[in-house]
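To start, the structure itself, in C-alpha cells.
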C-alpha cells in the first residue's frame, strides 16, 4: 500500500508544519525526509512507500487529531511534570521562577547564559553525556543545524540564539546509537514533539533525561536571515556566518545587532535590529503554525528560559534570563548554582514573570480565538487548543490580528519573488503602516481602559 503520509495530508497541506522532523524518526518505513519548501521552512516530503499507519502524526505538535490522553500541553504535563509543586493556566506546572544570569557564560550567550550553565552542570555531574543543540552547519545553503555536543567546549562553541529554521531529524536518526543520556534544547513546539515521542516510545523516556525550553516569539523562515543580511549590505547568495544577537554591553538588552560575513570581501557587516523595525510584533517571515501555538513559555520542558524584558533588567546590555524550573532536577541545579555562587539569581514573582512576556501572551492567547475562527472559515483544521483561558478580544485588537496575518503571508510571498531589502521595504511600507496605525489605536484604547479601571478601584478603596 502506498498512500500520502498522514502528516503531509493533515499538517503540511494545512500549512501547520513547524519543521521539527520527529515524523521522519517515527515513520517505520523511512518514507519521510526533510526538505526546504518554497518559503524557507523545513517540511517533510515523501521519499518512500507509506502504509498510512499514522505513526508520523502521533509525534506531530500540530496534529489536528491527537489522542485524548495527549490532547494538549495540560495532559502531557500531567504525564511528565507531575512532581511540580505549582501550576498556573498561563505558564503551566512549575517549581520556581527566577531572574538573573551566569557569571561564567553571560557574555558568550545571547541572554544571561543560564542554558549553558545548566547543561554544563549536567555534563560535569554525569547526568547527561550528549546535548542536542543548534550549531553552525557545513551543509551548503544551511547555515545552522541541530548537532551533538559531548563536552563543555563543544557546547560553548554552539551557544547563542539562532533565528533560523532547523530540524531535529539531523540528530534523532543517531539517538538510538548513542550510549548514555541526552539533553535537548528547543522551542515549545519541538519540546512538545519530543514529549510525544517519549510518550509513544518508553525507551526515549530513559534516553532523554532533560529538556531545556527556549521561550520563543515565533519561528522565522530563512527569508528572515536573508532579509537581515541584505539590510546589512550582503545579498542572500553571498552571506555566511549569520549572527543574530550581537550584544552592545554598554547599551540596553534590546539594542542588539545582526551580523554576517560577505563572501565578496570576507568582512563582517552588521545592522542594528532597531533600524529594521519591528520584526516580531508584525509577524514578518513567521511560520503559520506559530499563530496556532498557545504555549508561550515552553510548558513541557524541565526548565524554561527567556529574556527578562523587564525594568531594571532591560537596561543591562549584558543580558538577563527569566527562568522557570519545572522538574525537581531543574530546581536542584538552579538552587545548587545559587548556593555555589556560580549564578546570580533572585526570585521573581509570578506577576512580574507574566509581565516579562506580556506581548507574547497578548498575541498568542488573546488573539488565538480570532485566528482559529478565521482558519475554520477557510476550511483549515486546527489542533485542539486551550481557548477557554484565552479571554475575549476587542474589535480593534481583532483588526490588528487580521493585519498581522496579512503581513505574515505577504512578506513571505514578497521575498520569494524579490530578495532585496530595499525593494521589500518599499513594497511592504503601506501594509506595515496600516498595521502600525491600528496597533497604536489598540494600545491607546487599552491604556485608557487600564487607567479607567485603576481610577475606579482607587475610588472604591477611598469610599
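Numbering (full-length UniProt numbering), first residue to last: 1 to 463.
Just so you know, even glycine gets a beta-carbon here, dropped at the ideal spot from N, CA and C.
Rounded to the nearest angstrom, how far is the Cβ of residue i from that of residue j, given a contact under 8 Å?
i: residue 323; j: residue 334; result: 7 Å
i: residue 321; j: residue 99; result: 7 Å
i: residue 209; j: residue 127; result: 6 Å
i: residue 386; j: residue 74; result: 7 Å
i: residue 16; j: residue 197; result: Rounded, the Cβ-Cβ distance is 18 Å, inconsistent with contact.
i: residue 301; j: residue 218; result: Between residue 218 and residue 301 the Cβ distance is about 18 Å, and since that is not below 8 Å, they are no contact.
i: residue 193; j: residue 22; result: 4 Å
i: residue 343; j: residue 103; result: 7 Å
i: residue 184; j: residue 132; result: 4 Å
i: residue 4; j: residue 56; result: Between residue 56 and residue 4 the Cβ distance is about 11 Å, and since that is not below 8 Å, they are no contact.
i: residue 294; j: residue 364; result: 6 Å
i: residue 424; j: residue 227; result: 7 Å
i: residue 357; j: residue 296; result: 6 Å
i: residue 414; j: residue 427; result: 6 Å
i: residue 319; j: residue 101; result: 7 Å
i: residue 361; j: residue 354; result: 7 Å
Does the Cβ-Cβ distance between residue i and residue j come in under 8 Å?
i: residue 64; j: residue 312; result: no
i: residue 260; j: residue 221; result: no
i: residue 31; j: residue 47; result: yes
i: residue 158; j: residue 149; result: yes
i: residue 182; j: residue 298; result: no
i: residue 162; j: residue 244; result: yes
i: residue 396; j: residue 442; result: yes
i: residue 66; j: residue 8; result: no
i: residue 189; j: residue 20; result: yes
i: residue 393; j: residue 359; result: no
i: residue 269; j: residue 330; result: no
i: residue 207; j: residue 175; result: yes
i: residue 96; j: residue 105; result: no
i: residue 444; j: residue 398; result: no
i: residue 52; j: residue 380; result: no
i: residue 282; j: residue 407; result: yes
i: residue 255; j: residue 248; result: yes
i: residue 225; j: residue 164; result: yes
i: residue 432; j: residue 285; result: no
i: residue 402; j: residue 172; result: no
i: residue 257; j: residue 246; result: yes
i: residue 337; j: residue 201; result: no
i: residue 253; j: residue 306; result: no
i: residue 327; j: residue 123; result: no
i: residue 144; j: residue 136; result: yes
i: residue 287; j: residue 438; result: no
i: residue 94; j: residue 434; result: no
i: residue 405; j: residue 291; result: yes
i: residue 273; j: residue 167; result: no
Between which two residues does the alpha helix (DSSP H) carrying residue i extend?
i: residue 119; result: 114-124
i: residue 337; result: 328-339
i: residue 359; result: 358-361
i: residue 309; result: Premise fails: residue 309 is in no alpha helix (DSSP H) and is neither H nor E.
i: residue 250; result: Where residue 250 is concerned, there is no enclosing alpha helix (DSSP H), given that its DSSP letter is neither H nor E.
i: residue 169; result: 169-172
i: residue 6; result: 6-10
i: residue 398; result: 395-417
i: residue 107; result: Segment: none, residue 107 is in no alpha helix (DSSP H) and carries neither H nor E.
i: residue 164; result: It is not in any alpha helix (DSSP H) - residue 164 carries neither H nor E in the DSSP assignment.
i: residue 370; result: 368-377
i: residue 79; result: 73-80
i: residue 24; result: 22-26
i: residue 55; result: 55-58
Considering only DSSP beta bridges, list what residue i is partnered with.
i: residue 129; result: DSSP lists no partner for residue 129.
i: residue 464; result: Residue 464 cannot be examined here, being either before or after the span of the chain that is shown, 1 to 463.
i: residue 343; result: 102
i: residue 286; result: 220
i: residue 36; result: 42
i: residue 96; result: 325
i: residue 259; result: 243 and 270
i: residue 145; result: 135
i: residue 304; result: 213 and 324
Where do the ends of the beta strand (DSSP E) carrying residue i lie?
i: residue 87; result: 86-88
Would you say residue i faces chain B, with C-beta separation under 8 Å as the test?
i: residue 430; result: The structure shown contains no chain B; it is built from a single protein chain.
Item to check | 4 or more residues per run - each alpha helix (DSSP H) lying fully within the segment 181-246 | outcome: 188-200, 202-207 and 222-231
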